[in-house]
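A short write-up of the structure that comes next.
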Amino acid sequence: MNDALQGIQADDDAAVAAADIPKAVTAGRLTYVDGATQVFTADGHTTYSERRGDSAGEWYVDDQGRFCSFWPPSYRACYALRWMVEDAQIVGLRFTGGDDVTFEGRYER
């Protein structure tokens, strides 16, 4: 288990509690199915990296307890955040947007 997530008990596809979102997203670099990676920092910044290069954005927890991101100059989106758990270990996060599109990111080991 990722040391940053010590003490969090989660079931697969369970919602990440709003209070745990900062810990969940900053626990480590996430790798997505398409090979892109993303890092979130505690100060609210994020970098998404893919073949075309890096994109810098911001993340936050909104007043409804949702994970949200902002990508300049004007793209803003909020997601339901759920745990990915395998063999009783948290292995990543699922981000589901308002259009029901889901992105799965696994923590790098």
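Mapping of the sequence shown onto the working numbering: position 53 corresponds to residue 74, and the numbering continues sequentially without gaps. Just so you know, even glycine gets a beta-carbon here, dropped at the ideal spot from N, CA and C. If you're wondering where the values come from, they're calculated on a predicted model, not measured in any experiment.
Here Asp-75 carries a strand assignment [DSSP, helix/strand/coil].
Counted as a single uninterrupted DSSP element, the alpha helix (DSSP H) harbouring Thr-47 occupies residues 42-47.
It is roughly 10 Å from the alpha-carbon of Val-60 to the alpha-carbon of Gly-78. Here DSSP, grouped into helix, strand and coil, assigns Ala-25 to helix.
Between the alpha carbons of Met-105 and Thr-58 lies a gap of roughly 16 Å. In chain order, Cys-89, Ser-90 and Phe-91 place their CB closer than 8 Å to the CB of Arg-97, counting only its own chain and leaving out the 5 sequence neighbours on each side. DSSP places Ser-90 inside the beta strand (DSSP E), whose first and last residues are 88-92. In the DSSP annotation of this structure, the continuous segment of the beta strand (DSSP E) that includes Ala-101 starts and ends at 96-107. Excluding the 5 residues flanking it on each side, Lys-44 has same chain C-beta neighbours closer than 8 Å at Ala-25, Leu-26 and Ile-29, in chain order. The alpha-carbon of Thr-52 is positioned some 22 Å away from that of Ala-39.
For the pair Leu-102 and Val-37, the Cα-to-Cα distance works out to about 6 Å.
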